[in-house]
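Below is one structure; the comments refer to it alone.
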Amino acid sequence: MENRAKQSPLFSVIVPLYNAERWLGRCLESIAAQTFPDWECILVDDGSQDGSGVLCDAWCQKDPRFQVIHQPNSGVSQARNRGMEQARGSQILFCDADDALSPCTLAYAAEMRQSAPGAMVIWGFTHDRARFEEEGQKPLSWSLLPKAAFDGLAWVEILYNAVWNRLFDASLLRQKGLLFREELGRAGAAVLCEDGEFVARYLEQCQPETGWQVAYCPLPLYYYSQDNPASLSTTATGKGEPGAEPALRPQLEQTLRREWDGLKAYAPRFPEEYCQQPDGVVLHYLESAAQLIRQNQREGKEIPRSLLAHPCMRDMLDYCRRHRLYSPYYLPLRTRCYSLAGRLWRLQASGSRWYGRLDWLGYYLLGGRLRGWKH
Numbered sequence: 005m006e007n008r009a010k011q012s013p014l015f016s017v018i019v020p021l022y023n024a025e026r027w028l029g030r031c032l033e034s035i036a037a038q039t040f041p042d043w044e045c046i047l048v049d050d051g052s053q054d055g056s057g058v059l060c061d062a063w064c065q066k067d068p069r070f071q072v073i074h075q076p077n078s079g080v081s082q083a084r085n086r087g088m089e090q091a092r093g094s095q096i097l098f099c100d101a102d103d104a105l106s107p108c109t110l111a112y113a114a115e116m117r118q119s120a121p122g123a124m125v126i127w128g129f130t131h132d133r134a135r136f137e138e139e140g141q142k143p144l145s146w147s148l149l150p151k152a153a154f155d156g157l158a159w160v161e162i163l164y165n166a167v168w169n170r171l172f173d174a175s176l177l178r179q180k181g182l183l184f185r186e187e188l189g190r191a192g193a194a195v196l197c198e199d200g201e202f203v204a205r206y207l208e209q210c211q212p213e214t215g216w217q218v219a220y221c222p223l224p225l226y227y228y229s230q231d232n233p234a235s236l237s238t239t240a241t242g243k244g245e246p247g248a249e250p251a252l253r254p255q256l257e258q259t260l261r262r263e264w265d266g267l268k269a270y271a272p273r274f275p276e277e278y279c280q281q282p283d284g285v286v287l288h289y290l291e292s293a294a295q296l297i298r299q300n301q302r303e304g305k306e307i308p309r310s311l312l313a314h315p316c317m318r319d320m321l322d323y324c325r326r327h328r329l330y331s332p333y334y335l336p337l338r339t340r341c342y343s344l345a346g347r348l349w350r351l352q353a354s355g356s357r358w359y360g361r362l363d364w365l366g367y368y369l370l371g372g373r374l375r376g377w378k379h
């Protein structure tokens, strides 16, 4: 391993890899091409049996900012933990070996962090290589908002399920002793998404006393490749049985109330004043309200009418009408046929053909006036 410079860099980029020779060059080239120079890259070769290890050694020879750890195969979680042990940067970010960073990812992350110290810095991603190359280097645009007002957008854009689209404060990770759960980082794990589980613990355990602020850049600064059949996301299992309802979301009513209060505090005219994807956030919350109704039905509880009368619900339904935004839950919620909304969600969640029929019926009853939103 190369001797590291005495001064610690701002960023430590950790790349776990296993048999990634085919894609690794693209990944490391994208890191080397960063316009922001103050970084180190820690490669953790997790017992690769192809030429990945040799390729790592070659990059370390030609660029001292790269260093490599060779270890027996132990899984991606253990590899990431090993990388965090060696990281010297004050900010840690992750990149998978078959993915790539935009050349300005670190520069934009540094600018957001400097402008909003203490905020959680998050950026967008894409599976589309053409979009990544076209939009990933556009001028920086970002929003700062409280986490409660961001959580709906995070659900829509799947922003809490991965570790490679954000910065982690290295001092907080060490202070809290946060590590990836190694049993979740192996192919065939019974529980999916070791990334999301780690992010959830970081959000909970490292939250500032005043609550999280989120600095969010919607530009696709990360290319999430899907052409590696050996990746953990491809090989892991754990899907539910066909036709079964998903597990209940704990404390959903409290979650929605907190987020709706946060949205109205952040943007009093929400959804009109929201920073990103107002259509998608509205559709997400209408469906979430129907899910909450269904959960109460299953548990024999009363329908949460006080929450459903929240000003945020009223404004979201009005937004659908004004902007011709179609949701299958619009009519049941607008007419306060709450039991129907819950049953409709049950049909959707279980994959019933009746959901599609009722969806089309709702569209027909609205005269085809409301447009469908496409993400």
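Anchor point for the sequence shown: position 232 equals 236 in this note's numbering, and the numbering is continuous, going up by one each time. Quick reminder that beta carbons are idealized off the backbone N, C-alpha and C, glycines included. Since the model is a prediction, treat every value here as computed from it, not as a measurement.
| query | Is it true that the CB of D102 sits closer than 7 Å to the CB of A24? | reply | Sequence index remark: in the sequence shown, residue 24 carries index 20 (1-based). Sequence index remark: in the sequence shown, residue 102 carries index 98 (1-based). A contact, by the Cβ cut-off of 7 Å.
| task | Could you check what DSSP says for R253 in three-state terms: helix, strand or coil? | result | Position 249 of the sequence shown, counted from the first residue, corresponds to residue 253. Note: R253 maps to coil in three-state DSSP.
| message | If I measure Cβ to Cβ from P41 and keep anything under 7 Å in the same chain, skipping five residues before and after, which residues do I get? | response | Along the sequence shown, read from residue 1 onward, the residue named residue 41 stands at position 37. Nothing listed; no residue qualifies.
| said: Per the DSSP calculation, D173 is bridged to which residue(s)? | reply: Counting from 1 along the sequence shown, the entry for residue 173 is found at position 169. D173 pairs with Q95.
| request: Give me whichever residues DSSP pairs with V17 in a beta bridge. | output: For the purposes of this step, residue 17 is taken as the residue at position 13 of the sequence shown. Beta-bridge pairing links V17 to C45, L97.
| said: Give me, in chain order, the residues of the same chain whose beta-carbon lies closer than 6 Å to that of L225; leave out the 5 immediate sequence neighbours on both sides. | reply: Counted from its first residue, the sequence shown places residue 225 at position 221. Only S106, T109, W127, G140 meet the Cβ criterion.
| field | 6 Å Cβ shell around W349 - same chain, five flanking residues per side excluded | value | Reading the sequence shown from its first residue, position 345 is the one you call residue 349. Taking C-beta separations shorter than 6 Å and ignoring five residues to either side along the sequence, the partners of W349 in its chain run A294, Q295, R298, following chain order.
| Just reading off the alpha helix (DSSP H) that V125 is part of, what are its end residues? | Mapped onto the sequence shown, residue 125 falls at position 121. DSSP places V125 in no alpha helix (DSSP H) but in the uninterrupted beta strand (DSSP E) bounded by 124-130.
| field | Alpha-carbon spacing of G87 relative to D50, whole angstroms | value | By one-based count along the sequence shown, residue 87 stands at place 83. By one-based count along the sequence shown, residue 50 stands at place 46. The C-alpha of G87 lies about 11 Å from the C-alpha of D50.
| query | Using DSSP with H/G/I as helix, E/B as strand and the rest coil, what is Q75? | reply | If you number the sequence shown from 1, residue 75 lands on position 71. In the three-state scheme derived from DSSP, where H, G and I count as helix and E and B as strand, Q75 is classed as strand.
| query | Which value, in whole angstroms, describes the spacing of the CA atoms of V312 and L290? | reply | Translated into the one-based positions of the sequence shown, residue 312 becomes position 308. Translated into the one-based positions of the sequence shown, residue 290 becomes position 286. The sequence as given places Leu at residue 312; Val does not occur at that position. Using only the alpha carbons, I get a separation of about 10 Å.
| Is D54 buried or exposed, if buried means 16 or more other CB atoms sit within 10 Å of its CB? | Numbered from its first residue, the sequence shown carries residue 54 at position 50. Exposed, by the Cβ-count rule.
| request: For E386, collect the residues of the same chain with a Cβ closer than 6 Å to its Cβ; drop the 5 residues on either side in sequence, then sort them by chain order. | output: In this structure the chain extends from 5 to 379, so residue 386 is not present and cannot be described.
| request: Go ahead and pull the three-state DSSP assignment for P121. | output: As a position in the sequence shown, residue 121 is number 117, starting the count at 1. Note: P121 maps to coil in three-state DSSP.
| task | Look at the Cβ atom of F136, then the Cβ atom of Y227, and state whether they are nearer than 7 Å. | result | Walking along the sequence shown from the start, residue 136 turns up at place 132. Walking along the sequence shown from the start, residue 227 turns up at place 223. Result yes, Cβ atoms of F136 and Y227 sit closer than 7 Å.
| task | May I ask you to report which of helix, strand or coil DSSP gives S145? | result | Position 141 of the sequence shown, counted from the first residue, corresponds to residue 145. Coil, per DSSP.
| request: Helix, strand or coil for Y330, going by three-state DSSP, please let me know. | output: In the sequence shown, counting from the first residue as 1, residue 330 sits at position 326. Note: Y330 maps to strand in three-state DSSP.
| Among L171, E33, L59, G304, which has the Cα closest to the Cα of F202? | Within the sequence shown, residue 202 is the residue found at index 198, counting from 1. Of L171, E33, L59, G304, the residue nearest in Cα terms is L171.
| task | Whole angstroms is fine: what's the gap from R30's alpha carbon to A104's? | result | Walking along the sequence shown from the start, residue 30 turns up at place 26. Walking along the sequence shown from the start, residue 104 turns up at place 100. Straight-line Cα distance between these residues: approximately 7 Å.
| task | Starting from the C-beta of G398, find all residues in its chain whose C-beta is less than 7 Å away, skip the five residues before and the five after it, and write them out in chain order. | result | Residue 398 lies beyond the residue range present for the chain, which begins at 5 and ends at 379; the question has no answer from this structure.
| message | Tell me the DSSP secondary structure of F70 in three-state form. | response | Within the sequence shown, residue 70 is the residue found at index 66, counting from 1. In the structure shown, F70 sits in a strand (DSSP, three-state: E or B).
| field | Range covered by the beta strand (DSSP E) that runs through L225 | value | Position 221 of the sequence shown, counting from 1, holds the residue named residue 225. From DSSP, the beta strand (DSSP E) with L225 extends over 217-227.
| Which two residues bound the contiguous alpha helix (DSSP H) that contains I35? | Position 31 of the sequence shown, counted from the start, is the residue given in the question as residue 35. Looking at the DSSP string, the run of the alpha helix (DSSP H) that includes I35 is 25-36.
| field | C-beta contact flag for A83 and V125 at 7 Å | value | By one-based count along the sequence shown, residue 83 stands at place 79. By one-based count along the sequence shown, residue 125 stands at place 121. Going by C-beta atoms, A83 is not nearer than 7 Å to V125.
| request: Using three-state DSSP, classify L105 as helix, strand or coil. | output: Along the sequence shown, read from residue 1 onward, the residue named residue 105 stands at position 101. Strand at L105.
| request: Can you give me the Cβ contacts of V286 inside the same chain, cut-off strictly under 7 Å, excluding the 5 residues immediately before and after it? | output: Here residue 286 refers to the residue found at position 282 of the sequence shown. Within the same chain, V286 has close Cβ partners P275, M320, Y323, C324, L329.
| Excluding five sequence neighbours on each side, which residues of the same chain lie with their C-beta closer than 7 Å to the C-beta of L252? | In the sequence shown, counting from the first residue as 1, residue 252 sits at position 248. Within the same chain, L252 has close Cβ partners Q299.
| message | Taking the straight line between their C-alpha atoms, what separation do you get for V58 and C64? | response | In the sequence shown, the residue the question calls residue 58 occupies position 54. In the sequence shown, the residue the question calls residue 64 occupies position 60. One Cα belongs to V58, the other to C64, and the distance between them is close to 10 Å.
| field | Integer Cβ distance of D173 from Q95, believed to fall under 8 Å | value | Mapped onto the sequence shown, residue 173 falls at position 169. Mapped onto the sequence shown, residue 95 falls at position 91. That belief holds up - the Cβ atoms of D173 and Q95 are roughly 7 Å apart, short of 8 Å.
| query | Around the Cβ of I162, are there at least 16 other Cβ atoms within 10 angstroms (buried) or fewer (exposed)? | reply | Numbered from 1 along the sequence shown, position 158 holds the residue referred to as residue 162. Burial call: exposed.
| task | Over the uninterrupted alpha helix (DSSP H) stretch that includes W364, give me the two end residues. | result | The residue labelled residue 364 in the question sits at position 360 within the sequence shown. Start and end: 357-369.
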